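By our numbering, the letter at position 97 of the sequence shown is numbered 97, and the numbering carries on one by one without gaps.
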Amino acid sequence: MTLAEVEALHERSLDEVAAVADVAALEAVRVRYLGRSGLLPALVRQMKDVPAAERPEYGKRTHAWRAALEGALAERQAALGPVLREEAGFDCSLPGRWFAPGAKHPVSRVIEETAAIFARLGFSVADGPDIENRFNNFTALNTPAHHPSMDASDTFWLTDELLLRTQTSPVQIRMMTQYLPPVRIITPGRTYRRDTTDATHSANFHQIEGLYVDTRPVSLADLKSTLAYYAQEMMGAKAGVRFRPHFFPFTEPSVEVDFSCHVCGGKGCRVCKMSGWIEIAGAGIVDPRVYEHVNLARGDRAYDPEKVYGYAFGFGVERIAMIKYGIPDIRWLYENDMRFLSQMA
Ligand code: DAH
Numbered sequence: 001m002t003l004a005e006v007e008a009l010h011e012r013s014l015d016e017v018a019a020v021a022d023v024a025a026l027e028a029v030r031v032r033y034l035g036r037s038g039l040l041p042a043l044v045r046q047m048k049d050v051p052a053a054e055r056p057e058y059g060k061r062t063h064a065w066r067a068a069l070e071g072a073l074a075e076r077q078a079a080l081g082p083v084l085r086e087e088a089g090f091d092c093s094l095p096g097r098w099f100a101p102g103a104k105h106p107v108s109r110v111i112e113e114t115a116a117i118f119a120r121l122g123f124s125v126a127d128g129p130d131i132e133n134r135f136n137n138f139t140a141l142n143t144p145a146h147h148p149s150m151d152a153s154d155t156f157w158l159t160d161e162l163l164l165r166t167q168t169s170p171v172q173i174r175m176m177t178q179y180l181p182p183v184r185i186i187t188p189g190r191t192y193r194r195d196t197t198d199a200t201h202s203a204n205f206h207q208i209e210g211l212y213v214d215t216r217p218v219s220l221a222d223l224k225s226t227l228a229y230y231a232q233e234m235m236g237a238k239a240g241v242r243f244r245p246h247f248f249p250f251t252e253p254s255v256e257v258d259f260s261c262h263v264c265g266g267k268g269c270r271v272c273k274m275s276g277w278i279e280i281a282g283a284g285i286v287d288p289r290v291y292e293h294v295n296l297a298r299g300d301r302a303y304d305p306e307k308v309y310g311y312a313f314g315f316g317v318e319r320i321a322m323i324k325y326g327i328p329d330i331r332w333l334y335e336n337d338m339r340f341l342s343q344m345a
């Protein structure tokens, strides 16, 4: 390429820059001349074939061309820019659009974390329906026929036999009716009670039930070590567990389970009402009468009370969420207030 030809190309490129009508065309010009396989880099590559004496002049001209062309491109880009942004509906000078990352609800978090912890101990997750029958929710769980929990003032009855389950415990019955021992499950789900809503009560809440029944001895000590492991995984390595004697119709003996208060570490604070402990769950050794009801439903003796052993527990999901995340009012979990929910992100 002669020097005159370089000059001509220089001129032509500037004319082309001046002639483009939009930024896309301008970009095409830039690529044609300055792109990796553009004319200018090609020229530079040919430089080695130019006689040494002429090389400095070639170099100077090429350099001047590049400088002029880059200047012209930038100028034209600035002039065309706003027009294109409008055309494409895109103004790169505006602040970016904010995408909320989304966050898991505390109740879902507790359920998922619990399932993961118990999975490590060999528990699978089982499910049962929100609409239960009297047998699974009460009778098979050894609840006396006229127990107050069955009253219409406590339970949402749908018919004489169907109700919105008041606890996740009926899933124990469903599982034992369906499967032979050993059964090792947890079952998270919604539960319903005719409770007046306040800071710690809701008519619709969640429980996680656990059941382990085996043909080898299963003791209260097994239950305690399992729940202690859960407490530490869920609340931190320093968490402790305490059992207090209690009564539930479907376990014997029955206990109420406290976790050491994670807020004060057991020293006593407002959250634990100065006791250092927080009630988390009901639990116990499965009552032989529950097995008899199960056998009746199954039509066999797969759950012979002389041959099977088991423990069960049930805790409130909201309770754990409130303690773990320091939520003072259960209603915050249901109001869908973004100021609250976005803090879980
Ligand atoms: N279902 C009981 C409740 O709602 C909690 C409970 C207590 C579940 C003892 C259990 C258990 O499995 O063994 O208050």
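Ideal Cβ placement from N, Cα and C applies to all residues, glycine included.
It should be emphasised that the depicted structure is a prediction, and the values quoted were computed from it without experimental measurement.
According to DSSP, residues forming a beta bridge with residue i
i, result
"residue 14", "According to DSSP, residue 14 bridges with nothing at all."
"residue 133", "162"
"residue 283", "255 and 313"
"residue 117", "Its beta-bridge partners do not exist; DSSP assigns none."
"residue 263", "Paired residue(s): none; residue 263 is not in a bridge."
"residue 124", "185"
"residue 278", "259"
Rounded C-alpha distance that separates residue i from residue j
i, j, result
"residue 331", "residue 153", "22 Å"
"residue 33", "residue 41", "8 Å"
"residue 35", "residue 77", "16 Å"
"residue 191", "residue 100", "31 Å"
"residue 163", "residue 155", "7 Å"
"residue 73", "residue 97", "29 Å"
"residue 84", "residue 14", "At residue 84, the pLDDT of 49 sits below 50, so the modelled position is not reliable; the number obtained from the coordinates is stated separately. C-alpha separation (whole angstroms): 21 Å."
"residue 26", "residue 10", "16 Å"
"residue 329", "residue 223", "30 Å"
"residue 229", "residue 289", "29 Å"
"residue 272", "residue 298", "44 Å"
"residue 321", "residue 336", "15 Å"
"residue 126", "residue 24", "59 Å"
"residue 30", "residue 39", "10 Å"
"residue 112", "residue 136", "25 Å"
"residue 243", "residue 231", "13 Å"
"residue 307", "residue 204", "37 Å"
"residue 179", "residue 339", "45 Å"
"residue 5", "residue 44", "14 Å"
"residue 54", "residue 28", "31 Å"
"residue 294", "residue 169", "13 Å"
"residue 240", "residue 333", "26 Å"
"residue 278", "residue 172", "25 Å"
"residue 59", "residue 75", "24 Å"
"residue 284", "residue 107", "25 Å"
Residue range of the unbroken alpha helix (DSSP H) whose run includes residue i
i, result
"residue 173", "170–178"
"residue 334", "Counting along the chain, residue 334 falls outside any alpha helix (DSSP H), and DSSP gives it neither H nor E."
"residue 389", "With the chain running from 1 to 345 in the structure shown, residue 389 is simply not present."
Residue i: first and last residue of the uninterrupted beta strand (DSSP E) it sits in
i, result
"residue 258", "251–260"
"residue 214", "204–214"
"residue 294", "That residue, residue 294, is in no beta strand (DSSP E); its alpha helix (DSSP H) goes 288–298."
"residue 189", "183–192"
"residue 246", "241–248"
Proximity test, Cβ basis, 8 Å: residue i and chain B
i, result
"residue 99", "Chain labels in this structure do not include chain B; a single protein chain is all it has."
Inset, instruction - Count the CB pairs spanning the stretch 89–102 and the stretch 59–68 that are closer than 8 Å, and state whether there are at least three. - result: No, they do not touch.
Inset, instruction - Say whether the stretch 189–201 touches the stretch 131–143, bearing in mind that this needs 3 or more beta-carbon pairs closer than 8 Å, one atom from each stretch. - result: Cβ pair count under 8 Å is below three, so no.
Legend entry - Meets three-Cβ-pair contact criterion under 8 Å: the stretch 207–214 and the stretch 303–313: As far as the Cβ criterion goes, the stretch 207–214 touches the stretch 303–313, which means the pair count is three or higher.
Inset, instruction - Check whether the stretch 251–267 touches the stretch 295–304, taking contact to mean three or more Cβ pairs, one atom from each stretch, closer than 8 Å. - result: Touching, no.
Legend entry - Every unbroken alpha helix (DSSP H) inside the stretch 29–112 [4 residues or more]: 39–46 and 55–88, all fully within the stretch 29–112.
Legend entry - Contact between the stretch 183–192 and the stretch 108–123 (3+ Cβ pairs under 8 Å): Yes: the two stretches touch, three or more of their Cβ pairs being nearer than 8 Å.
Inset, instruction - Could you say if the stretch 241–254 and the stretch 134–150 meet the contact criterion of at least three C-beta pairs nearer than 8 Å? - result: By the Cβ criterion, the stretch 241–254 is in contact with the stretch 134–150, since at least three pairs of Cβ atoms, one from each stretch, lie closer than 8 Å.
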